[in-house]
Amino acid sequence: MADAKVIPIGEGGRRGRSREEPPAPPSAGSPSAGREEAGHEDEVAGVAGGGLDRALARGFAFLRRRLSGAYEIDDFGYDRDLTDEVLMTVLRPVFEKYFRVEVRGMENVPAEGGALLVSNHSGTLPWDGLMLQVAVRDHHPADRHLRLLAADLVFQLPVVNELARKAGHTLACAEDAQELLERGELVGVMPEGFKGIGKPFADRYKLQRFGRGGFVATALRAGVPIVPCSIVGAEEIYPMLGNSRVAARLLNLPYFPITPTFPWLGPLGAVPLPTKWTIQLGEPIETKDHPPEAADDPMLMFQLTDQVRETIQHTLYKLLVARRSVFF
Amino acid sequence: MGKTVLVTGAARQLSGRFVRHLRRDPRVDRVIGVDSRPPAHPLGGAEFVRADIRQPSIVTVLAEHAVDTVVHLDVHGTPGPAGGGRSAVKEVNVLGTLQLLGACQKVPGLRGVVVKSSTQIYGTAARDPAVFHETTRVGAPTGGGFVRDVIEIEGYVRGFARRCPDVRVTVLRCAHVLGPAADSRLAAYFRLPVLPTVLGYDPRLQFVHEDDVLEVLARAAREPGTPDALAPDTYNVAGEGVLLLSQAARRIGRPTVPVVRALAPWLGSALGTLGLGGASAEQLRSLVHGRVARTTRLRQAMGGPLAYTTGETFAEFAALHGPGALPPEHVARAVDRIEEVVRHG
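Protein chains in written order, with our numbering: chain A, 38 to 365; chain B, 803 to 1147.
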């Protein structure tokens, strides 16, 4: 592993501990010592000085764009610059190192044109949506961006609403979804909503009701395929043992989770457990064969909704059987 | 054939410009500007009639001059140059429209009515869709202020269109109008040296250039069949593209001061009493959630997008009203200098 070769950091640490005695080699003065250290770091980094310098140049270019307002956003407030440079950079380590997400079936997501990704929803906090966004961003060959549909609660909270809009999320309503699909965007939806994300630990991997199937009608009107998506691992990040209705009512939230760590450990309880995740994207379900008027046929909607739901549920069971452990 | 256009609110800057714009159109024979006080700007040879649209006597003006098209521009969110409080503005907006449309109904020769409305009619809330269409249902007025005025005005216009099916009725829902003469509320806001914003919210803004508004208005006032005429309908009028408030503030080089949402109305009233009208409580309330209107219908009817995008409109406004304390070029240069120091010692 690369970590094993990082000797200078250990040296630095030792040097830091024995602060009293002046370090012997850099007697020429501190600036040169600093440079020498930087040199060491470069050697360690392996990529050499070019890497750091390029990262710095990129960072400064980004800063310059942000501070002078020289970037573009779309009608929904999606700030691609901020999402790619900051939000994805922050989420990527969580995706790769913390949850070690394994993505399968990305070839089922069309390379161009609108499509509706329908996924299960779990985990008390919507980490699953964010991870799905990273999965599409990093693992889709055609450089696609997922536009998630979020609950209205997200857009009521200060700061959160701002970040959600800039990350490309928008309100889960038929108007916005249809508009995005017609513009040829990849839209992600979790039809279980709060029923899914706020369900007790005992009900894990049991899909809840899929709303009234509005997402199918929207996909049908826009004539885009539905890609079923199953996420395994998110259920165990905050095992929700109970739900304090009183606290939820007081705080005006849909649920107030009680987990082994929350709220007992305060903000520390909000750290998710490092479970191992799998995201499986299934074969797309085409809607083109139906005319757009079919969206008003409740029986067809019910049938299609059920088909999507069953596909996701079966895939979840299959993935669970194949899973070795929750954490590895 | 005779074509006589009556323009309300002629003492306002935008109406004044529109009257002059119409005077240059050879297909328009006569232009009549109407307002309750004489305009300070020239009307380019157009006739000015001093009349109050809130009074029933407006019908005699319409009949006397044989007006065939009424362009109602006296719908504002801010008091005019003569001053007057919010109640005066509301009176002109709501009662003025009511009386004017009543008078229009009584004049037999009238063929067209164009009303300038606002995209603010869609309101702004967390539960609203991100992009509004012309067909989006306008909800019950929440809060009050200009939004409520616009909802009531459009209600009257719809009623008028039902009662007079022979009259062409065009409603133009304009985004924030910016331009050399703009006296809109948001223009006043962006002229403040420091911009108060609501903490944790970054609304999406859409602007439309004054020149584009004049062009759309002129086309809407034309008879159907003449080239470039805009078919009677309801249109969203806004430049292409969207700017965030934070982005706009940086482009115009004005520092922002975020205020906690609960305190924003207080700050607004406090600034209002100090005479800084740009950041009223209503203004700050409208700067919480963004609002974007889809302009596809107008683009199709006009045969192309408007001349100015949202970004270009704002860039022109920023050039005119000068960069504030933090001009973007200086900020960029400062970043360059820091980069120079960090990367090359």
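For glycine and all other residues, C-beta sits at the position ideal for the given N, C-alpha and C.
- Counting only Cβ-Cβ distances below 8 Å, A:Asp90 has contacts in chain B at Arg1145, in chain order.
- According to DSSP, A:Gly279 shares a beta bridge with A:Ile295.
- For A:Trp164, the number of other beta carbons within 10 angstroms of its own is at least 16, and it is reported as buried.
- Around B:Gly947, the same chain offers Glu1084 as residues with beta carbons nearer than 6 Å, after the five sequence neighbours per side are excluded.
- Asp189, Phe192, Gln193, Pro195, Val196, Asn198, Glu199, Thr207, Leu208, Cys210: these are the residues of the segment 187-210 of chain A whose beta carbon lies less than 7 Å from some beta carbon of chain B, given in chain order.
- Of all alpha-carbon atoms in B:Arg1052, B:Leu1047, B:His1091, the one lying nearest the alpha-carbon of A:Gly106 is that of B:Arg1052.
- Looking from the CA of B:Leu1045, the closest CA among B:Asn1038, B:Val969, B:Asp1014, B:Phe1116 belongs to B:Phe1116.
- Rounded to the nearest whole angstrom, the C-alpha separation of A:Val345 and A:Val226 is 12 Å.
- Taking C-beta atoms as the reference points, A:Phe136 and A:Pro304 fail to come closer than 8 Å.
- For B:Leu1007, the secondary structure class from DSSP, reduced to helix, strand or coil, is strand.
- With a threshold of 8 Å between beta carbons, A:Arg101 makes contact with chain B.
- Near chain A, meaning a CB-to-CB distance below 9 Å, the residues of the segment 1024-1055 of chain B are Gly1043, Val1044, Leu1045, Leu1046, Ser1048, Gln1049, Ala1050, Ala1051, Arg1052, Arg1053, Ile1054, Gly1055.
- Contact between B:Ala1095 and B:Arg950 fails: their C-beta atoms lie close to 18 Å from each other, not under 8 Å.
- Cα atoms of B:Asp1035 and B:His1011: separation of roughly 21 Å, rounded to the nearest angstrom.
- Counting the other CB atoms within 10 Å of its CB gives B:Gly1080 a total of 16 or more, which places it among the buried residues.
- Taking a cut-off of 8 Å for Cβ pairs, the segment 813-825 of chain B and the segment 841-850 of chain B touch, as three or more such pairs fall below it.
- Put simply, of B:Gly961, B:Ala1109, B:Arg826, B:Thr862 the residue whose alpha carbon is nearest the alpha carbon of B:Val1039 is B:Ala1109.
- With contacts defined by Cβ atoms closer than 8 Å, B:Glu1042 and B:Thr1112 form a contacting pair.
- The continuous stretches of beta strand (DSSP E) do not include B:Pro1130, which lies in the alpha helix (DSSP H) extending over residues 1130-1146.
- The segment 1061-1070 of chain B and the segment 983-993 of chain B do not touch, with fewer than 3 CB-CB distances between them shorter than 8 Å.
- Residue pairing of A:Cys266 in beta bridges, as defined by DSSP: A:Ser156, A:Leu318.
- Per DSSP, reduced to three states, the secondary structure at A:Phe113 is coil, with no helix or strand assignment.
- Under the Cβ criterion (8 Å, minimum of three pairs), the segment 921-939 of chain B counts as touching the segment 196-209 of chain A.
- Pairing A:Leu93 with B:Val1133 gives a Cβ-Cβ distance that is not under 8 Å.
- Residue state for B:Ala928 is assigned as coil, using DSSP reduced to three classes.
- Spanning the alpha carbons of A:His351 and A:Thr255 requires a straight line of approximately 24 Å.
- Beta-carbon to beta-carbon, A:Arg181 and A:Val173 are separated by about 6 Å, close enough to satisfy the 8 Å threshold.
- Listed along chain B, the residues sitting closer than 9 Å to A:Asp111 by beta-carbon distance are Gly1043, Val1044.
- Short of 6 Å from the beta carbon of A:Thr342, and not among the five residues preceding or following it, lie these beta carbons of its own chain, in chain order: Phe247, Gly250, Val253.
- In this structure, B:Ala1103 keeps its C-beta atom at 8 Å or more from the C-beta atom of B:Asp827.
- Along the segment 1062-1079 of chain B, the positions whose C-beta sits under 8 Å from a C-beta of chain A are Arg1063, read in chain order.
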